[in-house]
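**Student:** Sharing a structure with you now.
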Amino acid sequence: EAGVAQSPRYKIIEKRQSVAFWCNPISGHATLYWYQQILGQGPKLLIQFQNNGVVDDSQLPKDRFSAERLKGVDSTLKIQPAKLEDSAVYLCASSLKGLNTGELFFGEGSRLTVL
Amino acid sequence: GQQVMQIPQYQHVQEGEDFTTYCNSSTTLSNIQWYKQRPGGHPVFLIQLVKSGEVKKQKRLTFQFGEAKKNSSLHITATQTTDVGTYFCAGNTGNQFYFGTGTSLTVIP
């Protein structure tokens, strides 16, 4: 079974530039999560989708971050414009059961460095 | 707001020694999960606890969920070098999972 796919693995940009991350969850997983993990900290939820609907985006900085999951499968997370404090690993995860009842399967993550 | 704290933040043990990490939530949890993240890797699911006072074992790992469903612990017996990594608890309030601050385990051969 293929795991959660993310790209790119690494991205270096200058502040005020934009960046987009892509995630393809495990086939059949209805719930998709985007987490931000700053070095030395635990993952922080940015947004949670159930199929193509947003379940929770309360911690998403909506002035600069946006995410979509148009067809209920893969998803894109965008940051525009980036700030220095956005340097982190962006982890995508999916789960079969959804709505916080099942195991989360994480992708390898996309490491963002903002200079 | 919701907080999930873990202690200790770091732990260095000699191979063969035991290790315990504790997770504490400011609010009652509906369930709790534990994940392991190897250096440079991504979190990998270990277990989920749901019932008050629940205890589960996986080989050398023992997981407990407190009676009040506000705290949990992970105990590793006789650590091995393969146990190296950061262990996170993730508490579920019913709305979302809040990941703890993590405990980084170093095992000295």
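First to last, the sequence lines map onto chains C and X.
So the first sequence is numbered by our numbering: it starts at 3 and just counts up by one.
So the second sequence is numbered by our numbering: it starts at 3 and just counts up by one.
Note that CB positions come from ideal geometry on N, CA and C, so glycine has one too.
#1: Can you tell me which of the three DSSP states X:D85 falls into?
#2: Candidates C:S29, C:A69, C:G30, C:N26: which alpha carbon is nearest C:L47's?
#3: Measuring alpha carbon to alpha carbon, tell me which of C:V56, C:Q52, C:Q61, C:Q38 ends up nearest C:C94.
#4: With DSSP as the reference, identify every bridge partner of C:W66, one or two as the case may be.
#5: Using only the alpha-carbon positions, how far apart do X:G68 and C:L117 sit?
#6: Under 9 Å between C-beta atoms, does C:K85 make it to chain X?
#7: Can you name the start and end residues of the beta strand (DSSP E) that X:N73 belongs to?
#8: Return the bridge partner residues of X:G93 from the DSSP annotation.
#9: Classify C:L117 as helix, strand or coil using the three-state DSSP reduction.
#10: Under three-state DSSP, which class holds C:L120?
#11: CA-CA distance, X:A80 and X:N94?
#12: Quick test of your reading: C:Q52 and C:A32, contact by CB under 8 Å. State the CB separation rounded to the nearest angstrom.
#13: Please tell me whether C:F107 has its Cβ less than 9 Å away from any Cβ of chain X.
#14: Residues of chain C with CB closer than 8 Å to the CB of X:T103, please, in chain order.
#15: Using a Cβ-Cβ distance cut-off of 9 Å, determine whether X:F99 contacts chain C.
#16: Name the chain C residues whose beta carbon is nearer than 7 Å to that of X:P45?
#17: For a test of the three-state rule: what should DSSP assign to C:L86, helix, strand or coil?
**Tutor:** Checking against the coordinates, here is how it stands:
#1: Position 83 of the second sequence, counting from 1, holds the residue named residue 85 of chain X. Helix at X:D85.
#2: For this step, residue 47 of chain C is matched to residue 45 along the first sequence. Cα-wise, what sits closest to C:L47 is C:A69.
#3: On the first sequence, position 92 is the one that residue 94 of chain C refers to. The residue with the shortest Cα to Cα distance from C:C94 is C:Q38.
#4: Looking up residue 66 of chain C in the first sequence gives position 64. Contrary to the premise, residue 66 of chain C reads as Arg rather than Trp in this sequence. Answer is none; C:R66 lacks a bridge partner.
#5: Start at 1 with the first residue of the second sequence, and residue 68 of chain X comes out as number 66. Start at 1 with the first residue of the first sequence, and residue 117 of chain C comes out as number 115. Cα to Cα, the separation comes out at about 44 Å.
#6: Locating residue 85 of chain C in the first sequence gives position 83, where the first residue counts as 1. It does not; no Cβ of chain X falls within 9 Å.
#7: Counting from one through the second sequence, the residue named residue 73 of chain X turns up at place 71. First-last of the beta strand (DSSP E) with X:N73: 73-78.
#8: Against the second sequence, residue 93 of chain X aligns to sequence position 91. Its beta-bridge partners are X:I34, X:Y100.
#9: The residue given as residue 117 of chain C occupies position 115 in the first sequence. Coil.
#10: Because chain C is modelled from 3 through 117, residue 120 of chain C falls outside the range shown and cannot be assessed.
#11: Here residue 80 of chain X is taken as the residue at index 78 of the second sequence, counted from 1. Here residue 94 of chain X is taken as the residue at index 92 of the second sequence, counted from 1. Their backbone Cα atoms lie some 30 Å apart in a straight line.
#12: Taking the first residue of the first sequence as position 1, residue 52 of chain C is located at position 50. Taking the first residue of the first sequence as position 1, residue 32 of chain C is located at position 30. Correct: roughly 6 Å between the Cβ atoms.
#13: If you number the first sequence from 1, residue 107 of chain C lands on position 105. So, interface residue.
#14: In the second sequence, the residue the question calls residue 103 of chain X occupies position 101. Near X:T103 (Cβ distances below 8 Å), the residues of chain C are Q43, G44.
#15: If you number the second sequence from 1, residue 99 of chain X lands on position 97. Closer than 9 Å to some Cβ of chain C, the Cβ of X:F99 qualifies, so yes.
#16: On the second sequence, residue 45 of chain X is found 43 positions in, with the first residue counted as 1. Near X:P45 (Cβ distances below 7 Å), the residues of chain C are P45, F108.
#17: Within the first sequence, the letter at position 84 stands for residue 86 of chain C. Looking at C:L86 - three-state DSSP - the assignment turns out to be helix.
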